[in-house]
Ligand code: IMP
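Residue numbers (the numbering used here): 40 to 470.
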């Protein structure tokens, strides 16, 4: 019996989708605990490409239960579009396979408009959000004025909360952001239609997960974004608005920390970041372009080109610490093939001093310069390697050095986008 949390160990887009997809075969329930449709998993199933923003990729596996926990913010329009597309593609034949926490908060149309209008006005202070209303929805949740799924299912409560919300949001939209206000009717009517579709999926998911655990079922908690985008532990304020670290798996689902047995961090063999904010190993040169092209580093949610750079062991060590990682899944190793040399950042210099921990102050991280260790690269196609022995020696040396610098064992190496292009070293579900 093992319950496993999977989180991103960098700035998101680490290839969690594929790893979660592989681990799903060992789990009974796949549970999302934070974020919303700012996430995006591109999955290659057979030769088919499936993009999911909200619903766990476990939904593609028959017999698995997918749970969207209380820590997620849900855009009903996007959720309904995803279930419609999944059904059209022959998935989600049984609606009871998908369950929404009745306590999760809803993304409302004004959240999206406020997100976009704020970003448009922010100039150089722009966060580079996905524009999906995530931040404003979490603000309302923390401000104790959010609208939860259970409110939507009670038309009187929904009408009351929506009226109260619009009094404030329309003032913000019109007078602070110079944007269009909403009428009560346009949102109420639209959301009452959504309510009828969502009703059958709503439940007390904390209780349900508890019952499943008592029955000996295994849970996989699927994180979105990454450690450095965590609202508390990330490069604030250039972060998302939720707890992307392992602790979020408990607060975002109502499952106790004592029920978590393994925490696996996903990290690319290099590094990427979307949106603004510090990125010490960023490469703004042709090597960065080569990584972007070889790794197809364009966002699956917004299509934006991702910023690319070398593997940062300072970031990885930090992710090991704040998440208590029991293992690392190293992804996209194949993208580094063909480079004459590869570099790993082992520390930073700041004003003449050497730092081996990531500093908390944004102003300091922004001025940190990476200290690199250079290793010889490797040639050839490594996507067919089924074990470490089948990799070129220099690729094996690279993996060993990454493991040594991070301080956590590597449990999986991904050598290509397909499910079968993976070297599994230890299965966290089997301890
Ligand atoms: P928000 O989550 O839309 O508020 O965006 C806040 C920051 O998180 C921005 O820098 C986004 O680019 C980043 N972000 C949000 N979701 C993802 C993701 O799934 N992958 C990578 N970056 C993300």
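Glycine residues also receive a C-beta, built at the ideal position from the N, C-alpha and C atoms.
As the structure is a computational prediction, the values presented were derived from the model and not from experiment.
Quick check: does the Cβ of residue i come within less than 6 Å of any heavy atom belonging to the ligand IMP?
i: residue 283; result: no
i: residue 420; result: no
i: residue 76; result: no
i: residue 313; result: yes
i: residue 52; result: yes
i: residue 173; result: yes
i: residue 167; result: yes
i: residue 268; result: yes
i: residue 35; result: Because the chain in this structure spans residues 40 to 470, residue 35 falls outside the shown range and cannot be described.
i: residue 461; result: no
i: residue 250; result: no
i: residue 264; result: yes
i: residue 279; result: yes
For residue i and residue j, which I take to be in contact (beta-carbon distance under 8 Å), what is that distance rounded to the nearest angstrom?
i: residue 377; j: residue 418; result: 6 Å
i: residue 340; j: residue 169; result: 5 Å
i: residue 401; j: residue 283; result: Not really, about 18 Å apart at Cβ, beyond 8 Å.
i: residue 192; j: residue 234; result: 6 Å
i: residue 264; j: residue 51; result: 4 Å
i: residue 65; j: residue 468; result: 4 Å
i: residue 171; j: residue 216; result: Not quite, the Cβ-Cβ distance comes to about 17 Å (not below 8 Å), so this is no contact.
i: residue 112; j: residue 186; result: With 8 Å as the limit, residue 112 and residue 186 do not qualify as a contact, their Cβ atoms being about 11 Å apart.
i: residue 61; j: residue 458; result: 6 Å
i: residue 460; j: residue 422; result: 5 Å
Which residues in the same chain have their Cβ closer than 8 Å to the Cβ of residue i, if we skip the five residues on either side of it in sequence?
i: residue 394; result: 353, 386, 387, 388, 407
Helix, strand or coil, according to DSSP, for residue i in the structure here?
i: residue 247; result: helix
i: residue 59; result: helix
i: residue 147; result: coil
i: residue 378; result: coil
i: residue 235; result: helix
i: residue 278; result: coil
i: residue 309; result: coil
i: residue 386; result: strand
i: residue 166; result: coil
i: residue 43; result: strand
i: residue 106; result: strand
i: residue 121; result: helix
i: residue 74; result: strand
i: residue 266; result: helix
i: residue 89; result: strand
i: residue 334; result: coil
i: residue 141; result: coil
i: residue 174; result: helix
i: residue 258; result: strand
i: residue 359; result: helix
i: residue 411; result: strand
i: residue 366; result: strand
i: residue 81; result: strand
Which same chain residues, not among the five before or five after residue i, have their C-beta less than 6 Å away from its C-beta?
i: residue 42; result: 258, 298, 299, 300
i: residue 435; result: 427
i: residue 398; result: 404
i: residue 80; result: 56, 91, 96
i: residue 343; result: 313
i: residue 137; result: 105, 240
i: residue 294; result: 248
i: residue 67; result: 256, 257
i: residue 141; result: 188, 189, 241
i: residue 44; result: 260, 285, 288, 299, 302
i: residue 431; result: 417
Taking C-beta to C-beta, are residue i and residue j nearer than 7 Å?
i: residue 356; j: residue 446; result: yes
i: residue 416; j: residue 379; result: yes
i: residue 450; j: residue 372; result: no
i: residue 272; j: residue 361; result: yes
i: residue 277; j: residue 70; result: no
i: residue 392; j: residue 411; result: no
i: residue 262; j: residue 46; result: yes
i: residue 139; j: residue 131; result: no
i: residue 205; j: residue 223; result: yes
i: residue 180; j: residue 144; result: yes
i: residue 9; j: residue 384; result: Residue 9 lies beyond the range of the chain shown here (40 to 470); nothing can be said about it.
i: residue 368; j: residue 59; result: no
i: residue 108; j: residue 281; result: no
i: residue 226; j: residue 148; result: yes
What does a CB cutoff of less than 7 Å around residue i pick up in its chain, not counting 5 residues either side in sequence?
i: residue 239; result: 134
i: residue 152; result: 212, 218
i: residue 315; result: 165, 166, 167, 277
i: residue 307; result: 49, 53, 54, 370, 371
I'd like to know whether the C-beta of residue i is nearer than 7 Å to at least one C-beta of chain C.
i: residue 418; result: Of the chains in the structure shown, none is chain C; there is only one protein chain.
Is residue i near the ligand ADP, judged by its Cβ being under 6 Å from some heavy atom?
i: residue 123; result: Annotation note on the ligand ADP: not contained in the displayed structure, which lists the ligand IMP as its ligands.
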